[in-house]
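See structure below.
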Amino acid sequence: MPTTAALTLLGLTGATQVLAARREARAAKLTPPTGQDVEVEDRRVHVEVLGETGPDLVLIHGSSGNLRDFTHRLAPDLARRYRVFVVDRPGFGWSDPLPGGGGLVDQAAAIQTAVAALGATHPLVLGHSYGGAVALAWAATMPDTLAGVLPLAGVAYPWHTGLGAFYSVLSHPAGLALVIPLLTAFTPTPVIRSEIAKIFRPQPAPDGYIDHFGPDLTLRRGQMRTNARQRRALHTEIEALSPKWAKIAVPIEVVHGDADDIVPAQIHAIRLTAEHPDAPLTLLPGIGHAPHHGAMPEVIAAIDRLAIRADVT
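Following my numbering, the numbering of the sequence shown begins with 247 at its first residue and continues without gaps.
Have a look at this one:
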């Protein structure tokens with residue numbers, strides 16, 4: 247009996263991996279790379295460049311995301327007046343992961359190296375959500391390599407709600423090995439589409455966004471493992487790095503929605519603008535976690551102000 251049970255379990259595990267691989271192949275076919283690969287220490291960083299003239303601007307996406315979050319609307323609009331470098335963070339979209347998932351500083355260094363190789367040696371840097379923490383880490387640790395920073399609904403300070411059951415399970419070794427393949431293989435696409443839509447609340451997801459974004463890309467095993475490891479490490483990293491924010495020397499613009507229930511403004515944006523001597527806050531009434539979709543003109547106006555303050559117009 248134990249042998250039969252073991253063989254059954256082995257067979258189910260193998261079948262799960264096969265189904266997961268098929269789903270990943272389908273996601274790759276439906277949502278192929280749109281940019282170019284830059285090699286950074288033998289790993290690919292996927293970057294899409296839009297626009298030919300104007301100040302250089304780097305856009306960094308958040309957790310579970312990819313560069314398509316920006317290329318749906320914001321980046322094409324900005325490309326009229328900026329040269330926009332939209333990146334897949336290491337381990338997401340079509341960028342290779344860093345060892346152990348890659349911390350905030352390591353991700354910032356990889357992105358900086360990649361965009362510099364494409365000519366963006368002193369860009370403005372916008373980071374959304376988790377990407378806001380990457381952008382702040384860039385500004386705090388490599389200040390001579392950027393002109394200004396804009397955390398957009400960005401994670402900036404420690405919070406008190408813990409990791410949560412979902413990521414506690416996924417980031418455990420057993421979750422990384424066993425649970426993630428099950429999610430990849432068997433999560434219905436309507437469920438993941440619904441979860442993506444929740445990020446925009448109280449606004450709806452823009453028309454066509456979810457199909458453009460590629461919902462099944464978020465379910466690939468490698469990306470989910472990277473995301474789980476990063477989410478587990480984030481609180482500790484933020485505790486260590488956040489004392490550096492007040493000493494960031496480049497211009498900062500802070501943009502946040504006051505209805506953001508994922509990264510609350512009170513914990514992050516309001517504290518950042520209070521602690522930094524020159525970090526003006528644009529607090530958007532009624533806007534949730536995706537201001538670049540729900541309040542795009544205001545976000546672009548903040549980028550323009552940052553460019554003026556950084557003297558890169």
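Even glycine gets a Cβ: it sits at the ideal position worked out from N, Cα and C.
Under 9 Å between C-beta atoms of residue i and residue j
i, j, result
"LEU487", "ALA420", "no"
"PRO497", "ALA556", "yes"
"LEU350", "VAL304", "no"
"LEU313", "VAL332", "yes"
"ARG319", "VAL295", "no"
"ILE516", "LEU529", "yes"
"ALA505", "ILE533", "yes"
"VAL509", "ALA525", "no"
"ARG439", "ILE456", "yes"
"GLN476", "GLY378", "no"
"LEU422", "THR277", "no"
"LEU398", "VAL291", "no"
"PRO301", "ALA553", "yes"
"ALA267", "LEU465", "no"
"ARG478", "LEU409", "yes"
"ILE442", "HIS535", "no"
Buried versus exposed call for residue i [16 or more other C-beta atoms within 10 Å across all chains shown]
i, result
"PRO523", "exposed"
"GLU287", "exposed"
"PRO560", "What is shown of the chain runs 247 to 559, which leaves residue 560 out entirely."
"GLY260", "exposed"
"THR317", "buried"
"LEU256", "Because the pLDDT at LEU256 is just 48, under 50, the model does not fix this residue reliably, and the value given afterwards should be weighed accordingly. LEU256 comes out exposed."
"VAL293", "buried"
"VAL298", "Per the sequence shown, residue 298 should be read as Glu rather than Val. Burial call: exposed."
"ALA520", "exposed"
"ARG467", "buried"
"PRO434", "exposed"
"GLN353", "buried"
"ARG326", "exposed"
"LEU253", "Unreliable placement is indicated for LEU253, whose pLDDT of 43 sits below 50; no coordinate value is reported for it."
"GLY540", "buried"
"ALA393", "buried"
Local conformation of residue i per DSSP, three classes
i, result
"GLN449", "coil"
"THR482", "helix"
"ALA548", "helix"
"GLY394", "strand"
"ASP315", "helix"
"ILE508", "coil"
"GLY540", "helix"
"ILE516", "helix"
"GLY373", "strand"
"ILE438", "helix"
"TRP384", "helix"
"GLY365", "coil"
"TYR226", "Because the chain spans 247 through 559 in this model, residue 226 falls outside it and cannot be assessed."
"ASP323", "helix"
"THR262", "helix"
"GLU287", "coil"
"PHE459", "helix"
"ASP425", "Sequence check: residue 425 is Val here, not Asp. Helix, per DSSP."
"ARG466", "coil"
"VAL401", "coil"
"VAL558", "coil"
Residues bridged to residue i (per DSSP)
i, result
"LEU296", "VAL330"
"GLY454", "The partner list for GLY454 (beta bridge, DSSP) is empty, contrary to what the question assumes."
"ALA282", "As written in the sequence, residue 282 is Gln, which differs from the Ala given in the question. DSSP, once it has assigned bridges, lists VAL293 as partnering GLN282."
"GLY503", "LEU530"
"ILE498", "VAL395"
"LEU303", "VAL330 and LEU370"
Short CB-CB distance (under 9 Å) between residue i and chain B
i, result
"LEU424", "Protein chains in the displayed structure number just one, and chain B is not present."
beta-carbon residue i near the ligand COA non-hydrogen atom, thresh 8 Å
i, result
"VAL558", "Ligands displayed in this structure: none; no statement on the ligand COA is therefore possible."
**Asked** If we count Cβ pairs, one from each stretch, closer than 8 Å, do we get three or more for the region 477 to 496 versus the region 401 to 409?
**Response** yes
- Between the region 331 to 343 and the region 464 to 476, do at least 3 Cβ pairs fall closer than 8 Å? yes
Is it true that the region 448 to 462 meets the region 367 to 381, where meeting means three or more beta-carbon pairs spaced less than 8 Å apart? The region 448 to 462 is not in contact with the region 367 to 381.
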